[in-house]
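Residue numbers (the numbering used here), protein chains in the order written: chain F, 20 to 129; chain S, 20 to 129.
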DNA sequence: CAAGTATATGAGTATATGCGCATATAAATT
DNA sequence: AATTTATATGCGCATATACTCATATACTTG
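Here you go:
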C-alpha cells in the first residue's frame with residue numbers, strides 16, 4: 020500500500036463538514052437514541068426533550084449528510100442510522116476522551 | 020460487556036466539542052501536515068498557505084483540545100499529533116465518505 | 001370535504017467563530 | 001540594551017448556525 024496522498028481542498032471540506040454535522044450535542048443525542056433502533060420524530064422529540072421544530076431541523080441536517088436514513092410511513096416519518104461507521108466513530112472519540120481524562124486525573128493526583 | 024449507558028449531557032458536549040475542533044478545513048490541513056511528523060509554526064504556515072496569525076489561532080484551538088502537543092525550543096514552537104486516535108478517526112471518516120460517493124456514483128450511472 | 005395529527009419550514013434573533021490587521025510577547029544575537 | 005526573529009493575541013467584521021414561534025404541508029379519518 021502506498022502512503023496516503025494528502026487530501027484535496029474539496030475533500031478536506033467534505034471531511035470538515037462531516038465532523039461539523041456531528042458537532043452539536045442535540046444531534047449526538049438523536050444519534051444516540053437511534054443506536055437503539057429506528058424511531059419516528061415524535062419518539063425522538065420525547066427521547067431528547069427538544070422542541071419538535073428543532074428536532075426536525077436537526078434530523079434534516081443529519082439526513083442531508085447521509086448520516087441518517089428517512090422512511091415515511093403514513094403520517095409518520097421514521098429515522099435510522101444510515102452510516103455504520105458512526106458506531107466506531109463514537110467509540111473512538113469516547114475512548115480518546117476517557118484516556119484524556121485519565122491523564123488529567125493523574126496530573127491532578129500529583 | 021454490558022450495553023453502553025447513554026452519555027450524560029456533559030459528556031455529549033465534550034464529544035460535540037471534539038468534533039467541532041475537527042470541523043474546520045484549515046485545522047484538518049494542519050493535522051494532515053503533522054501526520055508527517057512534528058513541525059514548527061513557520062513550516063506549518065508554509066505547508067498550509069495560511070496566514071501566520073490564523074495558523075497560530077488554529078494551533079491554539081487544537082492544542083487546548085489536546086489534539087496537538089506543543090513543544091517550545093528557543094524561538095520556535097513545535098507541534099505534533101497528541102491524540103493517536105486521530106489516525107483511525109480520519110481513516111474512518113474518509114472511508115465512509117468514499118463509500119457514500121461510490122453509492123452516489125452508482126445512482127448516477129443508472 | 002372538514003378536522004385532526006405528524007412533520008417540515010419560513011422568519012427573526014442571538015451567539016459563535018473564522019479571518020485579517022495590527023501589535024504584543026518571548027527568546028536569540030549583536 | 002537594541003535589534004531581529006518566531007509566535008501569540010486583542011479587536012473588529014462578516015458569516016454561519018442553533019433556537020423559537022408561528023404557520024405550512026402531508027396524510028388520515030370522520
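Idealized CB from N, CA, C, for every residue including glycine.
>> Does any residue of chain S have a CB that is nearer than 8 Å to the CB of residue 72 of chain F?
In response: no
> Distance, Cα to Cα, residue 61 of chain S vs residue 68 of chain F?
Replying inline: 47 Å
> Quick one: what does DSSP say residue 32 of chain F is sitting in, helix, strand or coil?
Replying inline: helix
> Between the C-alpha atoms of residue 28 of chain S and residue 105 of chain F, what's the straight-line distance to the nearest angstrom?
Replying inline: 19 Å
>> If you follow the beta strand (DSSP E) that residue 84 of chain S is in, where does it begin and where does it stop?
In response: Looking at the DSSP string, residue 84 of chain S is not in any beta strand (DSSP E), and its letter there is neither H nor E.
> Counting along the chain, where does the alpha helix (DSSP H) carrying residue 62 of chain S start and finish?
Replying inline: 60-67
>> So, for residue 45 of chain F: in the same chain, excluding its five sequence neighbours on each side, which residues have a beta-carbon less than 8 Å away from its beta-carbon?
In response: 67, 69, 73, 74, 77
> Which word fits residue 24 of chain S, buried or exposed, when buried means at least 16 other C-beta atoms lie within 10 angstroms of its C-beta?
Replying inline: exposed
> Using the beta-carbon count (16 or more within 10 Å), is residue 115 of chain S buried or exposed?
Replying inline: buried
> Below 8 Å, can you find three or more Cβ-Cβ pairs linking the region 88-100 of chain F to the region 87-101 of chain S?
Replying inline: no
> Listing by chain order, which chain F residues have their CB less than 9 Å from the CB of residue 69 of chain S?
Replying inline: None at all; the shortest Cβ gap to chain F is about 12 Å.
> Can you list the residues of chain F that residue 85 of chain S reaches, using a CB-CB cut of under 7 Å?
Replying inline: 119
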